[in-house]
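Remarks on the structure that follows.
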Amino acid sequence: MRIYTALLLSVLSGVISFAQSPADSGRWTEQAANAWYARQPWLVGANYVPSDAINQLEMFQEATFNPDLNDRELGLAESIGMNTMRVFLQDQLWQQDPKGFVRRLDAFLAIASRHHIRPILVLFDSCWEPNPHLGPQHPPIPGVHNSGWVQSPGGKELSDPSYEPKLKEYVVGVVSAFAKDDRVLAWDIWNEPDNTNGGRFDEPKNKVELVEAMLPKAFSWARSAHPTQPLTSGVWAGNWSDPAKESPVTKIQLAESDVISFHNYGWPEEFEARVKSLEPLHRPIICTEYMARGSGSTFDTILPLAKKLNVAAINWGLVAGKTQTYLPWDSWQHPYVLSQPTIWFHEVFRHDGTPYRQRETDLIHELTGRGTGIAPKQEAGS
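In this note's numbering, the protein residues as written are 955 to 1336.
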């Protein structure tokens, strides 16, 4: 109770201080960023969504928050040597119930800490469904990859200037609550900010321009809470090797991030080329998304390379479940209803807790030098 009370006081003081203090902490220097990274063990983990959640809302809403399942699944991650997870939040969770959301996030961090896992928390996301709503979420669409994932903010909220103060309050409130909390590894301000999802959804036609305007503000809001953890936003598309060819959003991401993060689902040659293009920035590099077996990005090829290059590595997916991200991206055009893919796209463990490929989990254990290498026994029906 004392911890929870302190968190609530931190939230309130953070929101108040934001209103009173126009200055923020500023971007970390290269020296500070590299000193922080030197204190970390080699960071290896997964993008984590519980197997019983279709999206961020189902993970953290009170009715569907499942700490027992979180405990079991993070135990699987710990057993193979993973020490971080990338976890997505959603702004409507704060609007719905800020105190309850902070309480549940604190409970999740306590579970992660028991398993020696320090998550990266993602505040905003431009991917998939642009019309999020609170309450019960729809069931997975059969045979389709990530069929219930939602953006934050939604398209309507992103387009509405009157909603911006609520987004500001969300960022400042959440970061303030955990700004000095060593259980949090880093803050990922915005996932793939300028992703327009291939025109699959009815999104604002000026979405990219809206994001360009809000992304620097989001970094500033987070910095106003004076977090001890670094901020980042992962570059994911386009040319990063030549500043003249960088998109406006990429320029903002690279200029604002304390530590550099990126996504890559390609072959190891492409992965290494991407890393080399970021090395001239002289900051720590974290790959916050990789591993798509059908696209040439595998644990066998990427993880040893990441270790050699001193790059942190966070793959997509831990346990197969309602997100169905073991199905490939092309399932949006051709759902896998009558047949399953030849190989899984993402995920490390099956729903019953057994490894999809034992040699992959053995490799992760071997390269990290952590964990038992033996997945904890799963309860019946888990």
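Glycine is no exception: its CB is placed at the ideal position from the N, C-alpha and C atoms.
What you are looking at is a predicted structure, and each value in this text was computed from that prediction instead of being measured.
For GLY1250, the nearest candidate out of GLY1054, PHE1299, TRP982 (CA to CA): Here residue 1250 is taken as the residue at index 296 of the sequence shown, counted from 1. PHE1299 is the residue among GLY1054, PHE1299, TRP982 whose C-alpha sits nearest the C-alpha of GLY1250.
Assigned exposure category for GLN1015 - 16 Cβ within 10 Å defines buried: Counted from its first residue, the sequence shown places residue 1015 at position 61. Flag for GLN1015 reads buried.
Enclosing beta strand (DSSP E) for VAL1076 [first to last residue]: As a working mapping, residue 1076 is identified with position 122 in the sequence shown. Residues 1074-1079.
Residue closest to THR1018, alpha-carbon to alpha-carbon, out of PRO1222, GLU1027, PRO1004, GLU1224: By 1-based counting over the sequence shown, the position of residue 1018 is 64. Ranking PRO1222, GLU1027, PRO1004, GLU1224 by Cα distance to THR1018 puts PRO1004 first.
C-alpha distance - VAL1125 paired with GLN1044, whole-angstrom precision: Taking the first residue of the sequence shown as position 1, residue 1125 is located at position 171. Taking the first residue of the sequence shown as position 1, residue 1044 is located at position 90. Here the C-alpha atom of VAL1125 lies approximately 10 Å from the C-alpha atom of GLN1044.
Collapsed DSSP secondary structure at ASP1025 in the structure displayed: For this step, residue 1025 is matched to residue 71 along the sequence shown. Helix.
When ALA1066, GLY999, TRP1270, ASP1284 are compared against VAL1138, the one with the closest alpha-carbon: Indexing the sequence shown from 1 puts residue 1138 at position 184. Nearest option by C-alpha distance: ALA1066.
Per-residue DSSP class, three states only, for THR953: The structure shown does not extend to residue 953, since the chain spans only 955 to 1336, so no value can be given for it.
DSSP bridge partner residues for VAL1273 (one or two, in chain order): Locating residue 1273 in the sequence shown gives position 319, counting from the first residue. BP columns for VAL1273 point to PHE1303.
Buried or exposed (CB count within 10 angstroms, at least 16 for buried), PHE1055: The residue given as residue 1055 occupies position 101 in the sequence shown. With 16 or more other Cβ atoms within 10 Å, it is buried.
The stretch 1198-1217 / the stretch 1115-1129 touching (three or more Cβ pairs under 8 Å): no
Check whether LEU1259 and PRO1222 have beta carbons under 8 Å apart: Along the sequence shown, read from residue 1 onward, the residue named residue 1259 stands at position 305. Along the sequence shown, read from residue 1 onward, the residue named residue 1222 stands at position 268. For the pair LEU1259 and PRO1222, the CB atoms are nearer than the 8 Å cut-off.
Cβ-based neighbour list, ARG1247, same chain, cut-off 7 Å, excluding 5 preceding and 5 following: Taking the sequence shown and counting its residues from 1, one reaches residue 1247 at position 293. Once the five neighbours on either side are set aside, the close Cβ partners of ARG1247 are ILE1297, TRP1298, PHE1299.
Own chain partners of LEU1023 with C-beta closer than 8 Å, once the 5 adjacent residues on each side are dropped: On the sequence shown, position 69 is the one that residue 1023 refers to. PRO1004, SER1005, ASP1006, SER1336, listed in sequence order.
Cβ pair count under 8 Å reaching 3, the stretch 1183-1193 against the stretch 1210-1217: yes
Contact belief for GLN1278 with VAL1098 at Cβ below 8 Å, rounded distance in angstroms: Reading the sequence shown from its first residue, position 324 is the one you call residue 1278. Reading the sequence shown from its first residue, position 144 is the one you call residue 1098. Yes, GLN1278 and VAL1098 are in contact; Cβ-Cβ is about 6 Å, under 8 Å.
Inter-residue Cα distance where the pair is HIS1180 and ARG1237: Within the sequence shown, the letter at position 226 stands for residue 1180. Within the sequence shown, the letter at position 283 stands for residue 1237. C-alpha separation (whole angstroms): 20 Å.
Range of the contiguous alpha helix (DSSP H) that encloses ARG1313: The residue you call residue 1313 lines up with position 359 of the sequence shown. Its alpha helix (DSSP H) spans residues 1312-1322.
Beta-bridge pairing of SER1101 - partner residues as DSSP gives them: On the sequence shown, position 147 is the one that residue 1101 refers to. Partner(s): none; SER1101 has no beta bridge.
As assigned by DSSP and simplified to three states, the class of ARG1068: Residue 1068 sits at position 114 when you count from the first residue of the sequence shown. In this structure, ARG1068 counts as helix in the three-state DSSP scheme.
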